[in-house]
Structure formats: C-alpha cells, structure tokens
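Trainee: The C-terminal residue of the sequence shown carries number 147 in the UniProt record's numbering, and the numbering is unbroken. For glycine and all other residues, C-beta sits at the position ideal for the given N, C-alpha and C.
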Amino acid sequence: MAIQRMDNVLIVVEDLDAVIAFFVELGLELEGEPGPVEGRWVERIIGIDDVRQDIAMLRTPDGHGKVELARFRTPKAISPEPRDAPANTLGLRRIMFAVDDIEDVVARLRAHGAELVGELAQFENMFRLCYVRGPEGIIVGLAEQLT
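(1) Can you tell me which of the three DSSP states Arg128 falls into?
(2) Are Leu69 and Ala87 closer than 7 Å when you measure CB to CB?
(3) Going by the beta-carbon positions, is the gap between Arg108 and Glu29 smaller than 7 Å?
(4) Excluding sequence positions up to five away, which residues of its chain have a Cβ less than 8 Å from the Cβ of Gly112?
(5) Whole angstroms are fine: how far does the CA of Glu14 sit from the CA of Leu92?
(6) Do Val99 and Val106 have their CB atoms nearer than 7 Å?
(7) Near Asp54, which residues of its chain fall below 8 Å by C-beta distance, leaving aside the five closest residues on each side in sequence?
(8) Would you call Glu119 buried or exposed, if buried means 16 or more other Cβ atoms sit within 10 Å of its Cβ?
(9) State the Cα-Cα distance for the pair Leu58 and Glu81, rounded to the nearest angstrom.
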C-alpha cells in the first residue's frame, strides 16, 4: 500500500500568534482558531506525559498542503542549539513555497521580522529563489517560476 498524500508539517513554536501572522502574510489560511490539545491520547502518540499544547493549522491556498503549529504549555518546549542553524545543519531545515511575486512576498514578510538568509538569486531562466528566516528562526524557501 502506498501513502495517500503528505498531510502536514509540524513546527513547535513559542510565540504562536507571531508565527501565525507570518504564515498568514505568506498566504496560508488559518483553519479555525488555535485550540488546546491534551489528554492521554496525545501523550500516547508523541511519547510525552502531561502534555498541554495549543495547536493552529494553516493550509495552502490550493488546499493540499498544511502547516501545523504547536505551542507547548507543558512540558515547555526544548530549544535546539544553535537557534539560527545554518542550512547545512542536520534535520528539517526549511519549508518551500511557490509564489507569484517573490519580491512582494519578501517585502511583506519583512514587516513580520523576516530577513533574507542569503540573497535572492536566479537559477537559469527557470526560477528566482531565496530563503527567509522568520519568527523563531523558521526558514521558509520561496520560489518564483519564470518560465
């Protein structure tokens, strides 16, 4: 049996409101209001006791991709070192989104504290690409298709 689809990517955050605002500015749509998740069922799934967290789910405009944000009330989230890890650090490094106007998106995200990781660059005559670091060090890749 094959998988059906990739459902979502989870990002653990401290400032849920700031990260929601960042992703909404990027163009994702918040599904309902952030809400609490707790109980034995979630503790069994994630392998942590006494879990209390707030969850927000955001979806891409096409409805196929989702980003899940979680703020742990208990136990407190553990900060990785270094916080602003470079792109060659092991583990999940970024989420990539296709955009219509990369310069406009970068300008709007800067209003939410985002900064370019490197620079905006062009790959042949096919794409304009960049990485931006948003709230809490989250790296988002942006790609504008040229052809």
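Mentor: Let me lay it out:
(1) strand
(2) no
(3) no
(4) According to the sequence shown, residue 112 is His rather than Gly. Taken in chain order, the residues that qualify are Ala18, Ala21, Phe22, Glu25, Gly134, Pro135.
(5) 18 Å
(6) no
(7) Leu16, Pro34, Gly35, Pro36, Val37, Ala70, Arg71, Arg73
(8) exposed
(9) 27 Å
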